[in-house]
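Counting with the working numbering, you get residues 1 to 115 for the letters of the sequence shown.
In what follows, a structure is listed as structure tokens, so that the remarks can point back to it.
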Amino acid sequence: TTVGHSQGVTALRALIADCLTLPPVQVLTIYAFSHENWDRSPLEVASLLGLIERTLEAEADELLARGVRLRFIGEDERLPQPLRSLMSRLAARAPPPGKERLLLCIALSYGGRQE
Numbered sequence: 001t002t003v004g005h006s007q008g009v010t011a012l013r014a015l016i017a018d019c020l021t022l023p024p025v026q027v028l029t030i031y032a033f034s035h036e037n038w039d040r041s042p043l044e045v046a047s048l049l050g051l052i053e054r055t056l057e058a059e060a061d062e063l064l065a066r067g068v069r070l071r072f073i074g075e076d077e078r079l080p081q082p083l084r085s086l087m088s089r090l091a092a093r094a095p096p097p098g099k100e101r102l103l104l105c106i107a108l109s110y111g112g113r114q115e
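Now the structure itself:
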């Protein structure tokens, strides 16, 4: 189920808020979907990727307004096209000049072996 992952979204909101109040923190990298998650059932994979897509759509404007720039890392070839398109659109957006406070790197379809 995605209950634990949904709770992770709530925790991430708090973490981002903390990073924005701590000036030395300029970059935050999170694992949103590890490469190993592809080993889950197709239903679980679809649920997790759907949660990620919905969360990005719901949070992006607020993050941008707070000075957060989004960057995506990982092997995106296996991700659904709508999610890849959303990632591309969001990565192209930026806070106004001089207003960027945090770079949030989101690792999707990413694992330690890619290092």
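Virtual Cβ for every residue (Gly too), placed ideally from N, Cα, C.
Give me the DSSP bridge partner(s) of residue i.
i: Cys105; result: Thr29, Arg71
i: Ser34; result: Tyr110
According to the Cβ coordinates, are residue i and residue j closer than 8 Å?
i: Leu83; j: Ile52; result: yes
i: Leu102; j: Leu49; result: no
i: Arg66; j: Leu20; result: yes
i: Ile30; j: Leu43; result: no
i: Leu86; j: Ile16; result: no
i: Leu70; j: Ala46; result: no
Are there 16 or more other CB atoms within 10 angstroms of the CB of residue i, so buried, or fewer, so exposed?
i: Val68; result: buried
i: Leu79; result: buried
i: Leu22; result: exposed
Give me the Cβ distance between residue i and residue j, rounded to the nearest whole Å; I'm assuming they're in contact under 8 Å.
i: Leu108; j: Ala58; result: At roughly 17 Å, the Cβ-Cβ gap does not stay under 8 Å, so Leu108 and Ala58 are not in contact.
i: Glu75; j: Tyr110; result: 7 Å
i: Pro95; j: Leu64; result: 6 Å
i: Val9; j: Thr55; result: 5 Å
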